[in-house]
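Protein chains in written order, with the working numbering: chain A, 4 to 256; chain B, 4 to 123.
Here is the structure we will look at.
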Amino acid sequence: MTDIWGKLVTDQALILAFVAVGAIMYAAVLLSRGLTRGRIHASAIAILGALVLAWLGGELTGGKKGLADVSGFGGLLLLGGAMLRDFAIVATAFEVDVGEARKAGWAGAIALALGTVVPFALGVGIAWCFGYRDAVSLTTLGAGTVTYIVGPVTGAALGASSPVIALSIATGVFKAVLVMTATPFVARFIGLNNPRSAMLFGGLMGTVSGVSGGLAATDERLVPYGALTATFHTGIGCLVCPSLLFLAVRALV
Amino acid sequence: MPIFGTALLALCTVLGVALGEALGVALHVKANVGGVGLAMLLLLAARHWLAQRGRLTPGLRLGVEFWAFLYIPIVVAMAAQQNVRAALSGGPMVLLAGGLAVATCFALVALLGRMTRGHD
Numbered sequence: 004m005t006d007i008w009g010k011l012v013t014d015q016a017l018i019l020a021f022v023a024v025g026a027i028m029y030a031a032v033l034l035s036r037g038l039t040r041g042r043i044h045a046s047a048i049a050i051l052g053a054l055v056l057a058w059l060g061g062e063l064t065g066g067k068k069g070l071a072d073v074s075g076f077g078g079l080l081l082l083g084g085a086m087l088r089d090f091a092i093v094a095t096a097f098e099v100d101v102g103e104a105r106k107a108g109w110a111g112a113i114a115l116a117l118g119t120v121v122p123f124a125l126g127v128g129i130a131w132c133f134g135y136r137d138a139v140s141l142t143t144l145g146a147g148t149v150t151y152i153v154g155p156v157t158g159a160a161l162g163a164s165s166p167v168i169a170l171s172i173a174t175g176v177f178k179a180v181l182v183m184t185a186t187p188f189v190a191r192f193i194g195l196n197n198p199r200s201a202m203l204f205g206g207l208m209g210t211v212s213g214v215s216g217g218l219a220a221t222d223e224r225l226v227p228y229g230a231l232t233a234t235f236h237t238g239i240g241c242l243v244c245p246s247l248l249f250l251a252v253r254a255l256v
Numbered sequence: 004m005p006i007f008g009t010a011l012l013a014l015c016t017v018l019g020v021a022l023g024e025a026l027g028v029a030l031h032v033k034a035n036v037g038g039v040g041l042a043m044l045l046l047l048a049a050r051h052w053l054a055q056r057g058r059l060t061p062g063l064r065l066g067v068e069f070w071a072f073l074y075i076p077i078v079v080a081m082a083a084q085q086n087v088r089a090a091l092s093g094g095p096m097v098l099l100a101g102g103l104a105v106a107t108c109f110a111l112v113a114l115l116g117r118m119t120r121g122h123d
């Protein structure tokens, strides 16, 4: 019995992941219909449920990859990894209305700039309140508030200490998790119901995983518009955080 | 044939990501600059080109759209592998910085959305 299971786990990892995700989606559809009469989107429940399972997986195994560290769920790493995620995001562009995307042009660029500088400044300010005084740590922690990739890239470029880099990653991951879970609930209040606001949302929130997850849980049709701007966010963050913004922080402290 | 659609999607993705990497190298950044966005623009251009020539067959569409339909399950798989435990155990600074940044950006979405509505 254990031999067969062991063989399945190693040889059929991706196939087992399809089964696992299918089961999560099915449970989410039942919950959405039964408990909320369809008011909360099944995708939102599925993403939330997956995050809870990821937390559970971390508690059970002490690993860093959530549910994927639990035996039999390793295939989630491939199915939910950056390669297939980006492939599927590009596929959603097939239905993009080019006219709608053009309308958001300038506003999208402004959103991208604000989406980098504002979280960075907040992150630096809060790190200062928690007693950090050197420009390298402050910049790294501020960069982590932009996205969880910008944080460690900036920290590595500036030579920040390992605990500071870990904290900057944790901040970025928490931000992504928060965007995924909170977006469907605040969408109504911030006017997130059209392609133009989805592009602003993508530029301001930045984190591709947060934006794609949050929009998927809100309204699938908005995903490609948000992804279109969000995809530039990490690159811009990695460009300005260790350079321009670091110099600004150093001048201030 | 659906495989032509999937192959087209793959070609656009690879070219876009390669362009994003090249842009990163040119700008001296250790990251991909807009690779996915560039890939999306390439796919849109390819769709337009095929549609003009009447080559946008249902089979080809299926090969692309299947992957668009798999998008949500892929995001669920992505969510299931996040290091949620670390994100929650990072202490008050992590929760405060992340929470404040997200709340402020939500407010900015509403603000920018209203400010730019008149320019449509």
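We put the CB at the ideal spot given by N, CA and C, even for glycine.
DSSP places residue 10/A in the helix class (H, G or I) of the three-state scheme. Excluding five sequence positions before and after residue 106/A, the CB atoms of its chain that fall closer than 7 Å to its own CB belong to 199, given in chain order. Between the stretch 26-41 of chain A and the stretch 65-74 of chain B, the count of C-beta pairs closer than 8 Å stays below three; the two stretches do not touch. With a threshold of 8 Å between beta carbons, residue 16/A makes no contact with chain B. When the alpha-carbon of residue 239/A is set against those of 4/B, 32/B and 12/B, the nearest one is in 32/B. The beta carbon of residue 215/A sits closer than 8 Å to those of 88, 92, 226, 229, 230 and 233, all from its chain and outside the five residues before and after it, given in chain order.
Contact check for residue 204/A against residue 112/B passes: the beta carbons are separated by less than 8 Å.
Non-local C-beta neighbours of residue 42/B in its own chain, meaning closer than 6 Å and more than five positions away in sequence, comprise 15, 16 and 19, ordered along the chain.
Counting along the chain, no alpha helix (DSSP H) covers residue 245/A, and no H or E run does either.
Chain order gives no chain A residues near residue 60/B, where near means a beta carbon separation below 9 Å; the closest approach is about 14 Å.
In chain order, 94, 97 and 98 make up the part of chain A whose C-beta sits under 9 Å from the C-beta of residue 68/B. Taking a cut-off of 8 Å for Cβ pairs, the stretch 180-194 of chain A and the stretch 82-90 of chain B touch, as three or more such pairs fall below it. Here residue 166/A is exposed: its Cβ has fewer than 16 other Cβ atoms, across all protein chains shown, within 10 Å. Counting of Cβ neighbours within 10 angstroms places residue 29/A among the exposed residues, the total staying below 16.
Annotation for residue 24/B: the continuous alpha helix (DSSP H) segment containing it runs 5-29.
In this structure residue 154/A touches residue 146/A by the C-beta definition: roughly 5 Å separates them, less than 8 Å.
By the Cβ neighbour-count rule, residue 51/B is exposed, with fewer than 16 other Cβ atoms within 10 Å of its own.
Unbroken alpha helix (DSSP H) runs of no fewer than 4 residues, entirely contained in the stretch 193-249 of chain A, are found at 198-208, 211-221 and 226-243, following chain order.
Annotation: the continuous alpha helix (DSSP H) that includes residue 55/B extends over 38-55. Residue burial annotation: residue 70/B is buried, with at least 16 other C-beta atoms found within 10 angstroms of its C-beta. Listed in chain order, the positions of the stretch 6-21 of chain B with a beta carbon within less than 8 Å of a beta carbon of chain A are 12, 13, 15, 16, 19 and 20. If you look at residue 86/A, you'll find it in the alpha helix (DSSP H) that goes 85-95.
Each of 242/A, 212/A and 56/A was checked against the Cα of residue 119/A, and the nearest Cα belongs to 242/A. Between the alpha carbons of residue 4/A and residue 61/A lies a gap of roughly 26 Å. Chain B has no Cβ within less than 8 Å of the Cβ of residue 142/A. When DSSP states are grouped into helix, strand and coil, residue 114/B belongs to the helix group. For residue 244/A against residue 148/A, the beta-carbon gap comes to about 10 Å, at or over 8 Å, which does not count as contact.
Excluding five sequence positions before and after residue 186/A, the CB atoms of its chain that fall closer than 6 Å to its own CB belong to 217 and 221, given in chain order. Residue state for residue 152/A is assigned as coil, using DSSP reduced to three classes.
In this chain, the alpha helix (DSSP H) harbouring residue 66/B covers 61-72.
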